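Peer 1:
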Amino acid sequence: MDIFKKNFIISTSEQETLNLAEKIAKLIKPGDVISINGELGTGKTCFVKGLAKGMGISQIITSPSFIILKIYHNKIPLYHFDVYRLDKLFQLEDIGFNQFQYGDGVTVIEWGDKIGELLSFDHLQVIFSYYENKKRKIKIVPHGESWVKKIKNIEFNN
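For the sequence shown, our numbering gives the first residue as 21, with consecutive numbering after it.
#1: Are the beta-carbon atoms belonging to residue 131 and residue 150 less than 9 angstroms from one another?
#2: Are the beta-carbon atoms belonging to residue 97 and residue 124 less than 9 angstroms from one another?
#3: Using only CA atoms, which one of 64, 52, 60, 143 lies nearest to residue 36?
#4: I need the straight-line Cα distance from residue 75 to residue 155, nearest angstrom please.
#5: Identify which residue in 140, 120, 58, 48 has its Cα closest to the Cα of residue 72.
#6: To the nearest angstrom, report how far apart residue 93 and residue 152 are at their CA atoms.
#7: Under 9 angstroms, do residue 81 and residue 102 count as touching if we go by C-beta distance?
#8: Going by DSSP in three states, residue 153 sits in which element: helix, strand or coil?
#9: Grab me the residues of residue 30's own chain with a C-beta within less than 8 angstroms of its C-beta, minus the 5 sequence neighbours each way, in chain order.
#10: Please report the distance separating the alpha-carbon of residue 55 from that of residue 169.
#11: Let's test the definition: count the other Cβ atoms within 10 Å of the Cβ of residue 57 and tell me whether it reaches 16, buried, or not, exposed.
#12: Note down the Cα distance separating residue 127 from residue 142, rounded to an integer number of angstroms.
#13: In angstroms, rounded to a whole number, what distance separates the CA positions of residue 51 and residue 162?
#14: Any idea what DSSP makes of residue 140, helix, strand or coil?
#15: Are there 16 or more other CB atoms within 10 angstroms of the CB of residue 160, so buried, or fewer, so exposed?
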């Protein structure tokens with residue numbers, strides 16, 4: 021599938037969502053940023069689990085909803101943010117968000133649409149929404165030339 025013609029895919033299962041994330045994980049490098057958005061329960065943390073697996077991280081991945089950030093150490097570290105509960109952007113700045121975002125790992129932000137102005141220009145936006153019969157619609161939006169090039173060559177199943 022040409023992601024730029026269709027601009028979204030339909031995931032019929034958690035496994036398909038994991039598989040998509042694993043494919044994207046094969047393309048990431050230190051300094052990459054991924055913003056994941058969507059309603060509660062649409063698959064954001066599931067997607068992060070697939071990214072982690074694709075990066076070779078064997079730790080159990082859980083949402084950092086109450087602690088804001090979880091760090092998973094690996095050859096390339098994964099910085100997993102959940103900003104759902106943040107009221108003000110300065111709270112994220114206070115924990116050194118930019119040091120992570122421009123650091124030596126991959127930064128993934130659940131509810132990234134809440135902090136749009138802090139995001140690196142060059143990032144991948146993944147938007148989840150409910151679809152018919154427990155399926156999920158996943159929109160992939162590359163921002164910046166490097167993500168456009170990376171995503172252009174991914175083979176999608178539907």
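Heads up, the beta-carbon is just placed ideally off N, CA and C, and yes, glycines get one too. In this text, all values refer to a predicted model and were calculated from it rather than measured experimentally.
Peer 2: On the basis of the data shown:
#1: Taking the first residue of the sequence shown as position 1, residue 131 is located at position 111. Taking the first residue of the sequence shown as position 1, residue 150 is located at position 130. Result no, Cβ atoms of residue 131 and residue 150 do not sit closer than 9 angstroms.
#2: Here residue 97 refers to the residue found at position 77 of the sequence shown. Here residue 124 refers to the residue found at position 104 of the sequence shown. Cβ atoms of residue 97 and residue 124: closer than 9 angstroms.
#3: One-based indexing of the sequence shown puts residue 36 at position 16. The option with the nearest alpha carbon to residue 36 is 64.
#4: Looking up residue 75 in the sequence shown gives position 55. Looking up residue 155 in the sequence shown gives position 135. If you take the alpha carbons of residue 75 and residue 155, they lie about 25 angstroms apart.
#5: Looking up residue 72 in the sequence shown gives position 52. Checking every option, the nearest Cα to that of residue 72 belongs to 48.
#6: Here residue 93 refers to the residue found at position 73 when the sequence shown is read from its first residue. Here residue 152 refers to the residue found at position 132 when the sequence shown is read from its first residue. Looking at the two C-alpha atoms, the distance is approximately 37 angstroms.
#7: Here residue 81 is taken as the residue at index 61 of the sequence shown, counted from 1. Here residue 102 is taken as the residue at index 82 of the sequence shown, counted from 1. No.
#8: For this step, residue 153 is matched to residue 133 along the sequence shown. The DSSP-derived three-state label of residue 153 is helix.
#9: Here residue 30 refers to the residue found at position 10 when the sequence shown is read from its first residue. Taking residue 30 as the centre and dropping the five residues before and after it, the same chain places the C-beta of 151, 155, 156, 157, 158, 178 closer than 8 angstroms to its C-beta, in chain order.
#10: Here residue 55 refers to the residue found at position 35 when the sequence shown is read from its first residue. Here residue 169 refers to the residue found at position 149 when the sequence shown is read from its first residue. Residue 55 and residue 169 have their alpha carbons spaced roughly 17 angstroms apart.
#11: What you label residue 57 is simply residue 37 of the sequence shown in a count that begins at 1. Buried, because 16 or more other Cβ atoms sit within 10 Å of the Cβ of residue 57.
#12: In the sequence shown, residue 127 corresponds to position 107, counting from 1. In the sequence shown, residue 142 corresponds to position 122, counting from 1. So the alpha carbons of these two residues sit roughly 12 angstroms apart.
#13: Here the question's residue 51 lines up with position 31 in the sequence shown. Here the question's residue 162 lines up with position 142 in the sequence shown. About 15 angstroms.
#14: Within the sequence shown, residue 140 is the residue found at index 120, counting from 1. If DSSP states are grouped into helix, strand and coil, residue 140 belongs with coil.
#15: As a first step, residue 160 must be located in the sequence shown, where it is residue number 140. Taking all protein chains in view, the Cβ of residue 160 is crowded by 16 or more other Cβ atoms within 10 Å, so the residue is classified as buried.
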